Amino acid sequence: MHPETIEPAMENIDGVFQVAAVYKSWAKNPEEEIINPSIIGGINVLKAAYNAGVKKIIFTSSTAAVGRSGPNGKALTEKDWNSKSKHPYSYAKTEAERRAWDFSKEMDMEMVVMNPTAVIGPYFHRHTPSTFLFDKILKNELPRLPPQTFGYVDVRDVALAHILAYESKNAEGRHILCTECLDGFELMDIIKNVDPEIKVPTKIAPMWQVRLFARYETTKSWFGYTPAVSSETVKEYMGKITNYDSSKARDVLGWNPMALEDSVRDTLNWIKQKFN
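The opening residue of the sequence shown carries number 1 in UniProt numbering; numbering runs sequentially from there.
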């Protein structure tokens, strides 16, 4: 996204929601396909907004820029940063947000950041890493659960948080958007409550098996295949207790997300309707 192509769309606009980014975990050339589009694209939107005199920016980052696990399962907050990740998506989101903050402060622009966890819910037109798990479960193609804890939030609640942040005079800084963090068994319990007919995995894959599978998939990628999971993804996401504190969004913005069971139900129904 080049500033000169974006600026005409920003004429007479008071606020901009920068929500675009490449959302995938692997690419043959991660710098060209994942990292640069997120970092350069985000800055170019801010430059265009600045040149057009836009008054307020709501910038969509991710908890990928916050981190995956605190000591002893301690909940991560807006003060935490994912400073050591080599995972392409996490690195891209972290650097994109850091540079957005640098630019907005240098230009004295009002910017508020949203940091959602894995976004689920209906109305998507292609699968993302967040919805792919649900598709695999519906197709009975997941023999064992990945050894991970994950935070989830509905796309409609994410959209609402953006609007609340834009309209609020008290919104500032970062805002973690997380309805609930669940391990694999807890998520499967919700899925079974939503639809008892769905066959869900009942065992968690051990880390050695996941690492071995990731190496196998990486080897396949050398011959033109897209790996189901990469070694970087295993290192970033697996075998960790993830927990986030979303009290700032709830207290400052008045954000009150829907029950996760409703979001899971709508996610599954949308996949059945759209993709099956």
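Glycine is no exception: its CB is placed at the ideal position from the N, C-alpha and C atoms. Keep in mind it's a predicted model, so treat the numbers as computed, not measured.
Start-to-end residues for the alpha helix (DSSP H) that takes in THR218 = Mapped onto the sequence shown, residue 218 falls at position 218. Its alpha helix (DSSP H) spans residues 207 to 221.
Is it a yes or a no for the segment 165 to 175 touching the segment 105 to 115, going by three-plus beta-carbon pairs under 8 Å?
-> yes
Could you check where the alpha helix (DSSP H) with PRO37 kicks off and where it finishes?
-> Within the sequence shown, residue 37 is the residue found at index 37, counting from 1. Element bounds for PRO37: 36 to 51.
If we ignore side chains and look at the alpha-carbon of each, how far apart do LEU145 and LYS105 end up?
-> Here residue 145 refers to the residue found at position 145 when the sequence shown is read from its first residue. Here residue 105 refers to the residue found at position 105 when the sequence shown is read from its first residue. Their Cα atoms are separated by approximately 43 Å.
Excluding five sequence neighbours on each side, which residues of the same chain lie with their C-beta closer than 8 Å to the C-beta of GLN148?
-> Position 148 of the sequence shown, counted from the first residue, corresponds to residue 148. Taken in chain order, the residues that qualify are ASP183, GLY184, TYR237, MET238, GLY239, LYS240 and THR242.
Quick one, which of ILE198, ILE204, VAL54 and ASP108 has its alpha-carbon nearest PRO143's?
-> Mapped onto the sequence shown, residue 143 falls at position 143. Here the closest residue by C-alpha is ILE204.
Apart from the five residues on each side of it in sequence, which residues of its chain come closer than 6 Å, Cβ to Cβ, to PRO201?
-> Working through the sequence shown from its first residue, we reach residue 201 at position 201. Cβ neighbours of PRO201 beyond the five flanking positions: LEU142, ARG144 and LEU145.
Note down, one range per segment and in chain order, each alpha helix (DSSP H) of at least 4 residues found wholly within the segment 106 to 189.
-> 132 to 138 and 155 to 167
Helix, strand or coil for THR60, going by three-state DSSP, please let me know.
-> As a position in the sequence shown, residue 60 is number 60, starting the count at 1. Correct three-state label for THR60: strand.
Let me know the secondary structure DSSP gives VAL54 once reduced to three states.
-> Walking along the sequence shown from the start, residue 54 turns up at place 54. Coil, per DSSP.
How many angstroms separate the CA atom of ILE191 from the CA atom of PHE103?
-> Translated into positions along the sequence shown, residue 191 becomes position 191. Translated into positions along the sequence shown, residue 103 becomes position 103. Those two C-alpha atoms are separated by around 43 Å.
Could you say which of VAL158, MET207, LEU187 and TRP101 lies nearest to PRO116 if we only look at CA atoms?
-> Walking along the sequence shown from the start, residue 116 turns up at place 116. Here the closest residue by C-alpha is VAL158.
Pair within 8 Å by beta-carbon distance, ALA21 and PHE59 = In the sequence shown, residue 21 corresponds to position 21, counting from 1. In the sequence shown, residue 59 corresponds to position 59, counting from 1. Contact flag unset, no.
Kindly identify the DSSP beta-bridge partner or partners of GLN18.
-> As a first step, residue 18 is located in the sequence shown; it is residue number 18 there, counting from the start. BP columns for GLN18 point to PHE59.
Sufficient close CB pairs (3 or more, under 8 Å) joining the segment 126 to 138 to the segment 61 to 80 = no
Using the Cα positions of THR226 and ASP108, report the straight-line distance between them to the nearest angstrom.
-> Position 226 of the sequence shown holds residue 226. Position 108 of the sequence shown holds residue 108. Whole-angstrom Cα-Cα distance: 42 Å.
Can you give the beta carbon distance from GLY42 to GLN18, rounded, assuming they're within the 8 Å contact cut?
-> Looking up residue 42 in the sequence shown gives position 42. Looking up residue 18 in the sequence shown gives position 18. Right, their Cβ atoms sit about 6 Å apart.
Output the distance between the C-alpha atoms of ASN193 and VAL234, rounded to the nearest integer angstrom.
-> For the purposes of this step, residue 193 is taken as residue 193 along the sequence shown, with counting starting at 1. For the purposes of this step, residue 234 is taken as residue 234 along the sequence shown, with counting starting at 1. Near 29 Å, if we compare the C-alpha coordinates of VAL234 and ASN193.
For LEU76, which residues does DSSP report across the bridge?
-> The sequence position of residue 76 within the sequence shown is 76, counting from 1. Partner(s): TYR244.
Straight-line gap, VAL155 to LEU212 (C-alpha atoms, nearest Å) | Position 155 of the sequence shown, counted from the first residue, corresponds to residue 155. Position 212 of the sequence shown, counted from the first residue, corresponds to residue 212. Cα to Cα, VAL155 sits roughly 33 Å from LEU212.
Take ASP14 and list the residues in its own chain whose beta-carbon comes closer than 8 Å to its own, dropping the five residues that flank it on each side.
-> The residue labelled residue 14 in the question sits at position 14 within the sequence shown. Taken in chain order, the residues that qualify are VAL54, LYS55 and LYS56.
Of all the options SER263, SER230, LEU260 and SER83, which has the alpha carbon lying nearest to the alpha carbon of LYS24?
-> By 1-based counting over the sequence shown, the position of residue 24 is 24. It is SER230 whose Cα lies nearest to the Cα of LYS24.
Contacting residues, own chain, Cβ-Cβ under 6 Å from TYR91 (five flanking each side not counted) = Translated into positions along the sequence shown, residue 91 becomes position 91. Cβ neighbours of TYR91 beyond the five flanking positions: SER85.
Three-state secondary structure (DSSP) of ILE191 = Sequence index remark: in the sequence shown, residue 191 carries index 191 (1-based). Helix.
Can you tell me whether DSSP reads ILE198 as helix, strand or coil?
-> Within the sequence shown, residue 198 is the residue found at index 198, counting from 1. It is coil, neither helix nor strand.
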